[in-house]
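**Q**
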Amino acid sequence: MTERTDGDRTGPTGWTLHPDRVFPAEATTREFARTIYAETRELPLVSMHGHVDAGVLAADAPFGNPAEVFVVPDHYLVRMLIAQGVAPDALGLPRLDGAATSAPDPREVWRTLCSHWHVFRGTPTRYWLEHALVTELGVSAPPSAQTADLLYDEISGRLATDAYRPLALVERFRLELLATTDAATATLDDHAALAAKGWGGRIVPTFRPDDLLRVDHQGWPADLDLLGERSGIAVDSYRRFVEALEQRRAAFVAAGARATDHGHRSADTTPMSEAEAGRVFDAALRRQATQAEATAFAAHMLFEMARMSTQDGLTMQLHPGVLRSHSSRVAATYGPDIGYDIPVAAEFTRALRPLLDAFGHHPRLRLVVFTVDETTYSRELAPLAGVYPALLLGAPWWFLDSPDGMRRFREAVTDTAGFANTSGFVDDTRAFFSIPARHDLSRRVDAGFLARLVAEHRLGLDEAVETAADLAYHLPRRAYPPL
Amino acid sequence: MTERTDGDRTGPTGWTLHPDRVFPAEATTREFARTIYAETRELPLVSMHGHVDAGVLAADAPFGNPAEVFVVPDHYLVRMLIAQGVAPDALGLPRLDGAATSAPDPREVWRTLCSHWHVFRGTPTRYWLEHALVTELGVSAPPSAQTADLLYDEISGRLATDAYRPLALVERFRLELLATTDAATATLDDHAALAAKGWGGRIVPTFRPDDLLRVDHQGWPADLDLLGERSGIAVDSYRRFVEALEQRRAAFVAAGARATDHGHRSADTTPMSEAEAGRVFDAALRRQATQAEATAFAAHMLFEMARMSTQDGLTMQLHPGVLRSHSSRVAATYGPDIGYDIPVAAEFTRALRPLLDAFGHHPRLRLVVFTVDETTYSRELAPLAGVYPALLLGAPWWFLDSPDGMRRFREAVTDTAGFANTSGFVDDTRAFFSIPARHDLSRRVDAGFLARLVAEHRLGLDEAVETAADLAYHLPRRAYPPL
Amino acid sequence: MTERTDGDRTGPTGWTLHPDRVFPAEATTREFARTIYAETRELPLVSMHGHVDAGVLAADAPFGNPAEVFVVPDHYLVRMLIAQGVAPDALGLPRLDGAATSAPDPREVWRTLCSHWHVFRGTPTRYWLEHALVTELGVSAPPSAQTADLLYDEISGRLATDAYRPLALVERFRLELLATTDAATATLDDHAALAAKGWGGRIVPTFRPDDLLRVDHQGWPADLDLLGERSGIAVDSYRRFVEALEQRRAAFVAAGARATDHGHRSADTTPMSEAEAGRVFDAALRRQATQAEATAFAAHMLFEMARMSTQDGLTMQLHPGVLRSHSSRVAATYGPDIGYDIPVAAEFTRALRPLLDAFGHHPRLRLVVFTVDETTYSRELAPLAGVYPALLLGAPWWFLDSPDGMRRFREAVTDTAGFANTSGFVDDTRAFFSIPARHDLSRRVDAGFLARLVAEHRLGLDEAVETAADLAYHLPRRAYPPL
């Protein structure tokens, strides 16, 4: 059985993608989806929640080989290959101790990916990589054991050209706005360099203070020293800690930042009194804060971050509910962020109550909340976003950033929150080449969802087109306004 | 881009609704849906869980202006407008302290709604209001900033006529049975007046004792006094408390009631011993019951309510899992029920166990359970309703009373509970004009769901038609039988 | 209204089933579904999680009457009839005390089922039974009050013939591999008898030690004695307990077993130190272990079972999250397993962490996890199965083993776990005749899901066909390999 019905994939003259991919099959609905997508596909990209390294952009050096670009930094790919029994070493994942496992030939790593291509059937990873390979890199065949070397050479050839340097890709991808994610203690030198080259305001930093807010974190004292150094404030008390954070936020604002980013385990935002916060902070300085105190302090600091946002206007992004580095053995060998972060049940109704009660109607606050627990969509997040003006429901995040995940999101939240109380599409990626693919996929899925509403006579086509443009472009612009 | 594909909406001669709205787009399925819906659309309405004020019906005075009828009492509408930054004062929401914010001109309130009409895209609120405006009021154009005044005048004109008085609307809406919701301490005078006019048995009260069962509630002593007054029983002990409640239930039964209604935070039904209940009650009389005691007492009283239902036959309705008045600031200014009630995770398997173990096979008990936590559909409620004869799974409630919410409900519960262990459609509305819209939407969604089963050869069309009539009419009649 | 659109059901010449049943209605998608299903429908059945009694197979005596075969042992059927008010006694459910309720005439029991046939609309029970009645038994009309006696006689006639004896049915059903479930203390005599007749390796036992691992279980001391007897090891200490379990596992392996089966309340796998485990075991021997100790010991033993699986290679099956015998009154009268087992919320991310951290990358471990809590699909199980090589996501289980349940499963997990990290289809049934129906339904639903991916240009048709065969056959073979 070898017939391929999406004949575009293996034509004799190369590999193309089907123009209708991801659209609903039903004919009337598909026709509406085409019409809607045609109006959004060329809109510029707003990428306000990214993890591309600012240093890579500032250096603007050519990207390396296909393995280094597409495999090693993409934890979606890495995790799936590990699940199929591929050893992390065989993928070239660096060990923390720098131990001498002979680093694999990148061509071998690429072959490993290609020979496992079938295990990505039905996953967004496949969609994203196909999009990048065909649309951005123009390779001539789908990955397989047979085509691995051909593709490796084709991609390597492209990456060596100036048209594929990082900043050229920012243009090629139509990235109107690209945010990086930066520790609160970052020097922001790369952003200064980019600004000096005229990229300020287009490539912007994002303030991420997580490590500073986890006072039980092993590296906290060192981070605190660094905070003192960067801010020029001797951080010897809770009061000075808050001042130093405010100083750093101001520095980020000056560097063009539009948002903060918070990855806490829980969404709890219960504030402490200043005295209590000071007491815990002092205990933490002595490394004597209990686990419970550290957790409560993190919740308190989320509340504080919201308060600061009402003053400096930075959009606050919260994405809780993930147990990081699930395998302690793997983490001890390879460190974090290689695919072992696993969601847990999330709770928002009670957790966000203190913050929303205090600031939920504040005209300057915009709090964008993401989740990997779908049960909170219809039960908690849509009801909350559907009444508090400060709250925006973020796009489907991480494991949910997929065709069916995005469809379920719209189906679960639109009834209660409509479209206007969502953030529109926000990608979250370390894989630079996947940015346009993710936006394209989102636009196709939203076109399909809106097309269904039109086909079911629940929305006019003109309204659907307007809404699609909102979701793809205007809502994200509004959620992350210039300061 | 201004083409409207559901051309019925902006024709030159007025505004009509598409006859196929909400039906699945796929042609075979749609044709079945039309056939099924044709058999249910004219069935009378059974509205057994309503919040229309009995006084309004008894007085039968003309309704007021469009703002007063459609905006102020509809927390779905209010919450969405607040989320978009409209101030409650601008919507005419009364402040608790009666403070002199100059009450807005109702025409201005209506204009605010109309100019925000686009934010309701994709919501059931839009569906309901369109249905009311077109089908019941015959207005000539969809709401918008441009049409606001025209609509205001058209609606005002209709409302001033006798054909739009409350009791005329009961006829117009084909309401065969309409239940109001009444405090356990209500005089039931309005119902007596309605009965005297010949509406007894058609408009009936529902017994809602929530405030009396929350012994930590600030107004509890006053409510208790009122209970004593209404029942003629001096409520100075737990034993007399139970007697007084039984007396009131009997009075409700005499006034035509068919059901009780319980909105507890949790579904817990763990009973106490009589001695323990007496001890907590006595402590509560002295205002010394702890939070934990009050919570346990509420659970105990749910068990007691089930026991009483096995005796007097009132159908017991339970809809737990909502944190009321999420914003304490808003509640302090405007009071409850304006859109700040937010769901929390619910649990039924353990919570209902004491009640079901004791009464779940009792031939006189019918317990209808509603939830706003969809996760309990397939995990807990369908498995429970699919084995306990006394338990009926209520219709999708509140935020889930929407096209996609109702579809997900059927998909999640039918496998395990079938249709016959559900209550059929039960609306829950304060917005009188939305009653027919809600029933119509439910009938359309169920027609679509059943049509899919037919199209997939999982059900005969004759069976689907019979089932649709059950869901729309016969099952609710059976769930709330005459006593 | 009596037209039947699936005309195959009431033709004048008998009763047939529609060849397209359960396929999506949309024409393109349905055509793909037909093509895909055509390639899997004739594949042999691998049934590795069954509850058919090994004694029935060893005896190979003719099955009894229709009531005894189709009603009494099928808790899906029983629970639905009870929910509709039928008394367990009327269904012939035996009372624990053997009390003299006059056992009902099996023909009456069958009539009760047939006259309630309409309440099974939309349920998988209906699908399974229709499949068995038409495809396996060739009856001439759907069940109804009118046809009950005709069907009873037709079925009774078939069951009396040699072609319908248990082992003949194993052939007829194309069962390539059939696992029974057997207590850890089972003699395995029936399996020895089957092996002697040449069925060894085709009908295999499964090691289920649940009762031995619940040290607070009333019958635990007796079970422990039996363990000592079977293993020949005097189980007077924790160390000897572990040895005896290892001995029994070895006996199961020798008898052809490929898997263990674990039905704990929680998925917790936190290990104890050997000393602590010994202390709890000793307390349990004295009947003095606390509830908390018993729960912790069960978690510890799951960890131990995984450790043993890394040594003997038995696939480990875990299906937690069910509160058994919800009605204590019913359980006291009729015992367990008659439909009163109700799911509760499940948690896997934290619960499986100890086991996965220790053994999740072990090359010999295969842990297949099932759930009846759908919320864990996208949130926990797919992310875990998508990274740990030892973990396989089991098929939709129990209440979720239904057309819509299986579709939701694929939609929720494929994005993150793909297909290759799932177990493929695993049925779980006490109802022997439903085995082919369940596999057929699963193949149809997966064909429909894959057809949608093809129709949406997310997968090639050749890939879909290959994947369908994996799900139906190759993945289960791989998940339960020969030892």
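Residue numbers (the working numbering), protein chains in the order written: chain A, 3 to 485; chain B, 3 to 485; chain C, 3 to 485.
Cβ atoms here follow ideal geometry from the backbone N, Cα and C, with glycine treated the same way.
1. Could you tell me the distance, in whole angstroms, from the CA atom of A:Glu-349 to the CA atom of A:Glu-382?
2. So which residues of chain B does C:Arg-412 contact, with C-beta pairs closer than 8 Å?
3. Terminal residues of the continuous alpha helix (DSSP H) containing A:Met-274?
4. What three-state label does DSSP hand C:Val-172 in the structure shown?
5. Can you give me the C-alpha to C-alpha distance between B:Glu-5 and A:Gly-87, rounded to a whole angstrom?
6. At least one CB of chain B closer than 8 Å to the CB of C:Glu-376: is that the case?
7. Any beta-carbon of chain A closer than 8 Å to the one on B:Arg-123?
8. Tell me, please, whether the CB atom of A:Glu-276 is closer than 8 Å to any CB atom in chain C?
9. Can you say whether A:Leu-190 is buried or exposed, counting buried as having 16 or more other CB atoms within 10 angstroms of its CB?
10. If distances are taken between C-alpha atoms only, which option among B:Arg-43, B:Asp-263, B:Ser-233 comes closest to B:Thr-182?
11. Could you work out which residue in B:Ala-471, B:Asp-359, B:Val-172, B:Ala-347 is closest to B:Ala-308 when comparing CA atoms only?
12. What is the C-beta distance between B:Gly-341 and B:Ile-84, in whole angstroms, given that I count them as a contact (C-beta under 8 Å)?
13. Using a Cβ distance threshold of 8 Å, determine whether the segment 105 to 120 of chain A contacts the segment 454 to 462 of chain C, with at least three qualifying pairs required.
14. Below 8 Å between beta carbons: does that hold for C:Ala-261 and C:Met-82?
15. Taking the CB atoms as reference points, tell me whether B:Ile-157 and B:Val-136 lie closer together than 8 Å.
16. So, are the CB atoms of A:Met-1 and A:Leu-354 less than 8 Å apart?
17. What residues in the segment 399 to 426 of chain A have a beta carbon less than 9 Å from any beta carbon of chain B?
18. Cβ of C:Pro-405 within 8 Å of Cβ of C:Val-24?
19. Please tell me whether C:Leu-180 and C:Arg-204 are closer than 8 Å, where the distance is taken between their beta carbons.
20. Can you confirm whether A:Leu-135, when its beta carbon is compared against all beta carbons of chain C, has any partner nearer than 8 Å?
21. For A:Phe-454, decide whether its Cβ has a neighbour in chain B, counting only Cβ atoms nearer than 8 Å.
22. Could you work out which residue in B:Asp-238, B:Val-111, B:Ala-253 is closest to B:Val-206 when comparing CA atoms only?
23. Here's the rule I'm using: 16 or more other beta-carbon atoms within 10 Å means buried, otherwise exposed. How should C:Ala-470 be labelled?
24. Could you tell me the distance, in whole angstroms, from the CA atom of A:Leu-215 to the CA atom of A:Thr-42?
25. Considering only their Cβ atoms, is the gap separating A:Asp-464 from A:Gly-426 smaller than 8 Å?
26. Could you tell me the boundaries of the alpha helix (DSSP H) in which A:Thr-469 lies?
27. Helix, strand or coil for C:Leu-358, going by three-state DSSP, please let me know.
28. Would you kindly check if the distance between the Cβ of B:Val-74 and the Cβ of B:Thr-100 is under 8 Å?
29. Are the C-beta atoms of A:Tyr-390 and some chain B residue less than 8 Å apart?
30. Determine, for B:Val-267, whether the minimum Cβ-Cβ distance to residues of chain C falls below 8 Å.
31. Which chain A residues are close to C:Asp-359, counting only those with a beta carbon under 9 Å from its beta carbon?
32. Whole angstroms is fine: what's the gap from B:Ala-387's alpha carbon to B:Glu-70's?
33. Would you tell me roughly how many angstroms separate the C-alpha atoms of C:Ala-1 and A:Phe-122, rounded to the nearest one?
34. Between A:Glu-382 and chain B, is there a C-beta pair that is closer than 8 Å?
35. Using alpha carbons as the reference points, say which of A:Ala-134, A:His-77, A:Asp-55 lies closest to A:Pro-438.
36. Take the Cβ of A:Arg-241 as the centre, count every other Cβ of all protein chains shown within 10 Å, and call the residue buried at 16 or more, exposed below.
**A** This is what the structure holds:
1. Taking the first sequence and counting its residues from 1, one reaches residue 349 of chain A at position 347. Taking the first sequence and counting its residues from 1, one reaches residue 382 of chain A at position 380. The straight-line gap from Cα to Cα measures roughly 8 Å.
2. Start at 1 with the first residue of the third sequence, and residue 412 of chain C comes out as number 410. Residues of chain B passing the Cβ test: none, with the nearest at roughly 14 Å.
3. Taking the first sequence and counting its residues from 1, one reaches residue 274 of chain A at position 272. That residue, A:Met-274, is in no alpha helix (DSSP H); it is neither H nor E in DSSP.
4. Working through the third sequence from its first residue, we reach residue 172 of chain C at position 170. Looking at C:Val-172 - three-state DSSP - the assignment turns out to be helix.
5. Against the second sequence, residue 5 of chain B aligns to sequence position 3. Against the first sequence, residue 87 of chain A aligns to sequence position 85. Caution applies to B:Glu-5, whose pLDDT of 41 falls short of 50 and renders its modelled position unreliable; the model cannot decide the point.
6. Reading the third sequence from its first residue, position 374 is the one you call residue 376 of chain C. C:Glu-376 counts as touching chain B.
7. Along the second sequence, read from residue 1 onward, the residue named residue 123 of chain B stands at position 121. It does; some Cβ of chain A falls within 8 Å.
8. Mapped onto the first sequence, residue 276 of chain A falls at position 274. No, because no Cβ of chain C sits closer than 8 Å to the Cβ of A:Glu-276.
9. Residue 190 of chain A sits at position 188 when you count from the first residue of the first sequence. It is buried - the Cβ of A:Leu-190 has at least 16 other Cβ atoms within 10 Å.
10. Sequence index remark: in the second sequence, residue 182 of chain B carries index 180 (1-based). Of B:Arg-43, B:Asp-263, B:Ser-233, the residue nearest in Cα terms is B:Asp-263.
11. Stepping through the second sequence from its first residue, residue 308 of chain B is reached at position 306. Considering only alpha carbons, the answer is B:Asp-359.
12. In the second sequence, the residue the question calls residue 341 of chain B occupies position 339. In the second sequence, the residue the question calls residue 84 of chain B occupies position 82. Contact flag correct, Cβ pair sits at about 7 Å.
13. no
14. One-based indexing of the third sequence puts residue 261 of chain C at position 259. One-based indexing of the third sequence puts residue 82 of chain C at position 80. Not closer than 8 Å, so no.
15. On the second sequence, position 155 is the one that residue 157 of chain B refers to. On the second sequence, position 134 is the one that residue 136 of chain B refers to. No, the Cβ-Cβ distance between B:Ile-157 and B:Val-136 is not below 8 Å.
16. Beyond the ends of chain A as shown, which are 3 and 485, falls residue 1 of chain A; an answer cannot be given.
17. Arg-412, Glu-413, Ala-414, Thr-416, Asp-417, Thr-418, Ala-419, Gly-420, Phe-421, Ala-422, Asn-423
18. Along the third sequence, read from residue 1 onward, the residue named residue 405 of chain C stands at position 403. Along the third sequence, read from residue 1 onward, the residue named residue 24 of chain C stands at position 22. Cβ atoms of C:Pro-405 and C:Val-24: closer than 8 Å.
19. For this step, residue 180 of chain C is matched to residue 178 along the third sequence. For this step, residue 204 of chain C is matched to residue 202 along the third sequence. Yes.
20. Taking the first residue of the first sequence as 1, we reach residue 135 of chain A at position 133. Not closer than 8 Å to any Cβ of chain C, the Cβ of A:Leu-135 fails to qualify, so no.
21. As a first step, residue 454 of chain A is located in the first sequence; it is residue number 452 there, counting from the start. This sequence places Arg at residue 454 of chain A; Phe is not what is there. At least one chain B Cβ lies under 8 Å of A:Arg-454.
22. Taking the second sequence and counting its residues from 1, one reaches residue 206 of chain B at position 204. The shortest Cα separation from B:Val-206 among B:Asp-238, B:Val-111, B:Ala-253 belongs to B:Ala-253.
23. Indexing the third sequence from 1 puts residue 470 of chain C at position 468. The residue is buried, with at least 16 neighbouring Cβ atoms inside 10 Å.
24. Numbered from 1 along the first sequence, position 213 holds the residue referred to as residue 215 of chain A. Numbered from 1 along the first sequence, position 40 holds the residue referred to as residue 42 of chain A. Near 39 Å, if we compare the C-alpha coordinates of A:Thr-42 and A:Leu-215.
25. Reading the first sequence from its first residue, position 424 is the one you call residue 426 of chain A. Reading the first sequence from its first residue, position 462 is the one you call residue 464 of chain A. No; because the gap between Cβ atoms is not below 8 Å, this pair is not in contact.
26. Position 467 of the first sequence holds residue 469 of chain A. Start and end: 463 to 471.
27. By one-based count along the third sequence, residue 358 of chain C stands at place 356. In this structure, C:Leu-358 counts as helix in the three-state DSSP scheme.
28. By one-based count along the second sequence, residue 100 of chain B stands at place 98. By one-based count along the second sequence, residue 74 of chain B stands at place 72. Checking the sequence, you will find Gly at residue 100 of chain B rather than Thr. Result no, Cβ atoms of B:Gly-100 and B:Val-74 do not sit closer than 8 Å.
29. For this step, residue 390 of chain A is matched to residue 388 along the first sequence. Taking Cβ atoms only, chain B reaches closer than 8 Å to A:Tyr-390, which makes this a yes.
30. As a first step, residue 267 of chain B is located in the second sequence; it is residue number 265 there, counting from the start. Val is not the amino acid found at residue 267 of chain B; the sequence shown has Arg there. No, no contact with chain C.
31. Translated into the one-based positions of the third sequence, residue 359 of chain C becomes position 357. His-328, Ser-329, Ser-330, Arg-331, Val-332, listed in chain order.
32. Counting from 1 along the second sequence, the entry for residue 387 of chain B is found at position 385. Counting from 1 along the second sequence, the entry for residue 70 of chain B is found at position 68. Rounded to the nearest angstrom, the two C-alpha atoms are 40 Å apart.
33. Because chain C here runs from 3 to 485, residue 1 of chain C falls outside it and cannot be looked at.
34. Counting from 1 along the first sequence, the entry for residue 382 of chain A is found at position 380. Yes, because at least one Cβ of chain B sits closer than 8 Å to the Cβ of A:Glu-382.
35. The residue given as residue 438 of chain A occupies position 436 in the first sequence. Nearest option by C-alpha distance: A:Ala-134.
36. For this step, residue 241 of chain A is matched to residue 239 along the first sequence. It is exposed - the Cβ of A:Arg-241 has fewer than 16 other Cβ atoms within 10 Å.
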